[in-house]
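Just so you know, the sequence shown maps onto residues 18 to 206 in the working numbering. Just so it is clear, CB atoms sit at the ideal spot from N, CA and C, and this is done for glycine as well. What follows is a single structure, written as structure tokens, with notes after it.
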Amino acid sequence: MPRLFVAVEIEDSSTLSRIIGVRDRISGLGVDLKPVEDENIHLTLRFLGDVEDSLIPSIYRAVDELSSFGSFVMRVRGLGAFPNTKNPRVVWVGVADGSEILRSMRSALDRGLRGLRVHEDEHAFHPHITIARVRGRSNLDILSRYIEENIDLEFGLSPVTKVVLKKSTLTPRGPIYSDLRVVALSSPR
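Now the structure itself:
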């Protein structure tokens, strides 16, 4: 059973470089964390989990429906953490402009997947780009302060011209992602 998710990639190389730079800075703060590898940085539109092979054609159809959305530009802005900045477990970069379109895409995807046996999120969708997962509890005050000082940090603008159904293969060195289906969004609105 493949482990799948639907993603939006960071298509602008300058924006991606700024994200990587901040990820590298927090990696040097003395906090025990697992940074997301450069090639794995993305925005998860929907995590599907381990999926039976027989469901893949239906998942393709649901993802293909997203092609009706127009391509757009998202503004990547701000640092944050789940569950919160005082107790960071996941460090993320936020999305300002474009977040409503991403929420609409997520809702459309949820409708297309309804009735399929895929992972159900218990949390409301909050568009974000995970850059690190915190493993230990030492020096969290330093990390919290850094996040709070950069809550409004601008990373740049990145076009969103496609969505990608990805397969995640878990390995001892971390996940390896491969594209199963790339769906182009329609011309800009």
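Between residue 202 and residue 116 the beta-carbon gap is near 16 Å, outside 8 Å, which marks them as no contact. In the three-state reduction of the DSSP assignment, residue 117 falls in the helix class. Where residue 25 is concerned, the enclosing beta strand (DSSP E) starts and stops at 20 to 26. Counting the other Cβ atoms within 10 Å of the Cβ of residue 46 gives fewer than 16, which makes it exposed. For residue 174, the enclosing beta strand (DSSP E) has its first and last residue at 171 to 177. DSSP places residue 39 in no beta strand (DSSP E) but in the uninterrupted alpha helix (DSSP H) bounded by 30 to 44. If you ignore the 5 residues before and after residue 193, its C-beta comes within less than 6 Å of the C-beta of 186, all in its own chain and listed in chain order.
In this structure the segment 91 to 104 lies against the segment 153 to 166, because at least three pairs of beta carbons, one per stretch, are closer than 8 Å. Contact annotation, residue 191 with residue 136: C-beta distance approximately 20 Å; criterion of less than 8 Å not satisfied. Here DSSP, grouped into helix, strand and coil, assigns residue 201 to strand. By the beta-carbon neighbour count (other beta carbons within 10 angstroms, threshold 16), residue 141 is exposed. Counting other Cβ atoms within 10 Å of its Cβ, residue 183 reaches 16 or more and is therefore classed as buried. When the Cα atoms are used, residue 153 and residue 204 turn out to be separated by approximately 45 Å. It is roughly 21 Å from the alpha-carbon of residue 27 to the alpha-carbon of residue 125. Apart from the 5 residues on each side of it in sequence, residue 81 sits with its Cβ closer than 7 Å to the Cβ of 200 in its chain, given in chain order.
Contact between residue 109 and residue 147 is confirmed by a C-beta separation of about 5 Å, below the 8 Å threshold. If the five residues before and after residue 35 are omitted, its C-beta is found closer than 7 Å to the C-beta atoms of 172, 173, all from its own chain and listed in chain order.
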